[in-house]
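Asker:
Chains as they are written, first to last, in the working numbering: chain A, 19 to 621; chain L, 19 to 621.
1. Would you identify the three-state DSSP class for residue 393(L), choosing helix, strand or coil?
2. Report the rounded CA-to-CA distance for residue 342(L) versus residue 435(L), giving the unit in angstroms.
3. On the criterion of 16 or more Cβ atoms from any shown chain inside 10 Å, does residue 185(L) qualify as buried, or is it exposed?
4. Give me the chain L residues within the contact set of residue 307(A), using Cβ-Cβ distance strictly less than 7 Å, ordered along the chain.
5. For the region 41–56 of chain A and the region 407–418 of chain A, state whether three or more C-beta atom pairs, one from each stretch, are separated by less than 8 Å.
6. What is the C-beta distance between residue 534(A) and residue 602(A), in whole angstroms, given that I count them as a contact (C-beta under 8 Å)?
7. My parser needs the alpha helix (DSSP H) runs of 4 or more residues fully inside the region 207–236 of chain A; what are they?
8. Which residues in the same chain as residue 557(L) place their Cβ atom closer than 6 Å to its Cβ, once the five residues preceding and following it in sequence are excluded?
9. With a threshold of 8 Å on Cβ separation, who are the neighbours of residue 228(L) within its own chain once the five nearest residues in sequence on each side are excluded?
10. Can you pull the chain L neighbours of residue 376(A), defined as C-beta to C-beta under 8 Å?
11. Residue 440(L) and residue 29(L) look like a contact to me (Cβ under 8 Å); what is the Cβ gap, rounded to whole Å?
12. What does the Cβ neighbour count give for residue 134(A), buried or exposed, with the cut at 16 atoms within 10 Å?
13. Taking 7 Å as the limit between beta carbons, can you name the residues of its chain near residue 3(A), skipping five residues before and five after?
14. At a CB-CB cut-off below 7 Å, which residues of chain L make contact with residue 311(A)?
15. At a CB-CB cut-off below 7 Å, which residues of chain L make contact with residue 515(A)?
16. When the cut-off is 8 Å and only beta carbons count, does residue 224(A) lie next to chain L?
17. Which residues share a DSSP beta bridge with residue 476(L)?
18. Could you tell me which residues DSSP puts in a beta bridge with residue 515(A)?
19. DSSP three-state label for residue 358(A), please.
20. Does any residue of chain L bring its CB to less than 8 Å from the CB of residue 613(A)?
21. Shortest alpha-carbon distance to residue 19(A) belongs to which of 446(A), 620(A), 431(A) and 463(A)?
22. When the Cα atoms are used, what is the spatial distance from residue 31(L) to residue 490(L)?
23. If we ignore side chains and look at the alpha-carbon of each, how far apart do residue 310(A) and residue 196(A) end up?
24. In angstroms, rounded to a whole number, what distance separates the CA positions of residue 438(A) and residue 461(A)?
25. Curious, which full-length beta strand (DSSP E) runs of at least 3 residues does the region 397–466 of chain L contain?
26. Under the three-state reduction of DSSP, which class applies to residue 530(A): helix, strand or coil?
27. Does the pairing of the region 162–180 of chain L with the region 106–114 of chain L give three or more beta-carbon distances under 8 Å?
28. Using a Cβ-Cβ cut-off of less than 7 Å, list which residues of the region 515–546 of chain A approach chain L; keep chain order.
29. Quick one: which residues of the region 310–331 of chain L get their C-beta closer than 9 Å to a C-beta of chain D? List them in chain order.
30. Specify, as a first and last residue, the run of the alpha helix (DSSP H) that residue 610(A) falls within.
31. Does residue 492(L) get closer than 8 Å to chain A when you measure Cβ to Cβ?
32. Checking 8 Å against the spacing of the C-beta atoms, do residue 172(A) and residue 122(A) come in under that value?
33. Counting C-beta neighbours from all protein chains within 10 Å, is the total for residue 609(L) 16 or more, i.e. buried, or is it exposed?
34. With residue 306(A) as the anchor, note down where its alpha helix (DSSP H) starts and where it stops.
35. Please state if the CB of residue 269(A) and the CB of residue 17(A) are separated by a distance shorter than 8 Å.
36. Would you mind working out which of 250(A), 154(A), 96(A) and 177(A) sits nearest residue 87(A), comparing C-alpha positions?
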């Protein structure tokens, strides 16, 4: 199966088109402004001197690179001279300040010159990777190749220092990213050297001297150094690093037909999906190391679930899809898009979560009442910018490139992976999707010069109707009829349980409606959400809510009644209570509030 | 109501007599040996020089003092020359090394001389208090007054430095204890000065310069400095410090008829019992500050529940009883004795828990798989000695003085507070309790020269039968009949729920049978205890277990069956499972195991 690029796809209207418009009109500018305020833009002037304010951080290059990449995707669909000028301003500075030998890094030029490629965890290759992705996107959007040329020159510098002269003090990057970026460079330029470089960084991970711990408090698993990548079978360590690596592994496996490498990707993908992923798609159970932990270890309140990790899982799943015409990959992408990734940005498009827990108890932030320090818990309101501000521009580039995830193809079959109102045009082929999804499950598909359409049947859907003959295979309905296809996925609230090995969700259920996982907030319910119980016999009302641009649900549930005593004989007394649930991604948009995804189950 | 002293009471046989014998024959010697090994005994020679091994810690005096106190209670009931010699050896060293002005403290004489009474958190007055309690106990047991004289001299030194010359650099102790000890000195010697001193330390807490934070990371609540004690209404800060203070407050309120002080004690007692106490009686929800936290904040796995805190709550409750002929106080003492306090010592009497959590998941000790550090969780096996080894000798003195908690009196009424096979002899009054409690609920009581017996009806008991007329009042059954009283408390497993404001116990129940709270361990059940569910319709089998010297229970329950998927539609499929439960206090006596008190409730 081949992914179909955003370049062949236009969103027409609906939920995601609205998100894209907000992204183009608000988010891209807001992120730019905050990056400007914090000195990230002007840092490209390379004028920092010791003692100055706004000392560049070693990951600032990547923040701006991701912003450029997002802006480039926007420019692909519409002209925006102001936006383009902003990019050109930065690109000119990159060209001007790139060293003669091709090296480009703000921090290691103006803050710690002479320390180039000496510290494995200082994100130089990570920054390089993001700059390359941005350069490719900008070239594809505008045809301008100045930035791409700079990055080709930088890639040569990296090849020289890591692969030829071996002057770098480490072999593989502490934070993966360059691997998948080099494959993008390869696909854009057809220069096979970049693919070889990607393969080099992948092949050398977890072997030789790089296996040593490179950060005092972490171990080899933190940066996926514990084994040679082909021997890795489980997802370990920093979740974003991990999924960027796995994405790069997929790319190299695909381009080099490396079955062993693909087999490792598949084992790891299954390990994540079957044992280490929150129902929201969130990845990373611990803030310590921002990491995967153990199988089935999914605490809700302290969940890290970095926004970038959900985005990186979209990248990973989208690459896995190429090897296997199975709907699981698009299912995961849907889960991430509507939940884990989307929660990262506020409904007004201006502020962001880095961490996306599945439970908030405001009280617990003052748990240790007799100490001065607060407990370490995720923040409860989104912010416009962070010191480590990787997530905001990652959201921006994701939303601007949504077209990447809707369609794919395999010979004469066009696969419909996401139900987004859009038009695909590639060569003489044309597919149009019309839908209000996720508001309802009705999807209409028209095609021209396409033999077969394969429609993903979402894993949450128990019942659907199609107006044509179809063949069901690995989660896709294959339809060869020429008439307009009308498919209707029955949407109703579903009670979802965790595998019983997930300790934190025992005796609890989550609510899903369509692709959205729901949560409850105190602002709609009572203060202590753990007093509420959901009944096994679902009785609900549905209501479209403009604020969330989605349906909110009202369930007949219960509130536990207890005596004033701290402990008492079990009473089994509950009072009726209408529980209002909203899509998880919309939490924390109406002030601070307690929040809960997994509800007590009265089974 | 007056407490009746252990000096008037002898245990005859049964559960607690066995515990006392183990304490006399094993624990007292084992604790001594470990204290000897670690240098605590020889430290009393005052021969430490800088650079030597086994540098005395500033709380070592108190460890040995509590050990002496326990040994003294043992000597009260039986002659043991070897034990007495060990005490005399230490007492001689105390006399020898006490400074001329009465000051006695190992650390501030040999390690930091010249720093006497300069650091409020260095436990000098706490050590002094424990030495005073020990001196009183040893005098009462043997009539030997050398130790008591030393402590009277030390008390004068303290009076001089704190109350007369005010040369001490602080006003009240950072760790309370001396308050209640001074009242013991007063009652033993009839010297009212000691009561005045106790009142001084209580009256001055939370006022003046002592309000300032004295430890960098804690706030005023940590050592109960946040308000003058009479204005305190909630239990705050370090749980052991707190309950030692509250005990001292009770003592002073009782001796000085201070209604305002008693009112504060009552409010605080209710705050603990109604909002901050684990079902095991455990106190202190956080290891940070070993502290009370917020109302209803009772996490199970990270519960601190220091053994000493349960013991200190026994002291507090036993003192509260004097003001109020209500069974709640003896109920709490029962809860602590059979659960929170008893869990602190192993079944073989040799090793100890400092922390007593209500849940163990061994896996969670390696939760952060990509870091070198382990998570901070309570240890899972008891140890023979700790660096801070306050709990082992506290257990020893508690078990040796159990006679303190069985009876109390008010005019012509003798109150039966605990159902322990024993004999009370005081003046011409005599009461004999015969019972196998807690193995069953049958209790026989004979009396001589006693008008009325008041028998506590345990709060867990829904049904009981008495062979005599009785009047029920505030939880006691008053009986004036002269024949042998036979009372039978119906014992059956009870499902207990928490107040619905306790987040961690929502949709869960605990099992209680008689005074014991039960837990389940993996060694008797499956690995993942949170897969098990208890049914609302209790079906059980009872079996006496010699190892635990108590009944173990087998319940008809369920194990949740789920698919291999991480998330799936709720299934409501369970398989039958026999859940074996043991008394909580016996947990962790058969190797490392997962453990759970609060079980999923299938209601």
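We put the CB at the ideal spot given by N, CA and C, even for glycine. All figures in this text were calculated on a predicted structure; none of them were measured in a lab.
Answerer: On the basis of the supplied data:
1. coil
2. 13 Å
3. Residue 185(L) comes out exposed.
4. Result: 386, 388 and 389.
5. Taking a cut-off of 8 Å on C-beta distances, the region 41–56 of chain A touches the region 407–418 of chain A, as three or more cross pairs fall below it.
6. 7 Å
7. 210–221
8. Shown here for residue 557(L): same chain residues with a beta carbon closer than 6 Å to its own, the five before and five after excluded, namely 574 in chain order.
9. 138, 188, 189, 190, 222 and 243
10. Here the premise fails: no neighbours, minimum Cβ distance about 12 Å.
11. 5 Å
12. buried
13. Outside the displayed span of chain A (19 to 621) sits residue 3(A), for which this structure offers no information.
14. Taking the beta carbon of residue 311(A) as reference, the chain L residues within 7 Å of it are 385, 386 and 387, listed in sequence order.
15. Ordered by position in chain L, the residues that pass the 7 Å Cβ test against residue 515(A) are 580, 586, 588 and 589.
16. no
17. DSSP output for residue 476(L) lists no bridge partner at all.
18. Assignment of beta-bridge partners to residue 515(A) by DSSP yields 586(L).
19. Of the three classes helix, strand and coil, the one that applies to residue 358(A) here is helix, per DSSP.
20. No, no contact with chain L.
21. 431(A)
22. 29 Å
23. 21 Å
24. 9 Å
25. 425–428, 431–434, 440–444, 447–453 and 460–466
26. strand
27. yes
28. Taking 7 Å as the cut-off between beta carbons, the residues of the region 515–546 of chain A near chain L are 515, 516, 517, 518, 519, 521, 524, 525, 527 and 546, in sequence order.
29. Within the model displayed, chain D is absent; protein chains A and L are what it includes.
30. Looking at the DSSP string, residue 610(A) is not in any alpha helix (DSSP H), and its letter there is neither H nor E.
31. no
32. yes
33. With fewer than 16 Cβ atoms within 10 Å of its Cβ, residue 609(L) is classed as exposed.
34. Here residue 306(A) belongs to no alpha helix (DSSP H), and DSSP marks it neither H nor E.
35. This structure gives no information on residue 17(A), because the portion of chain A shown stretches from 19 to 621.
36. 154(A)
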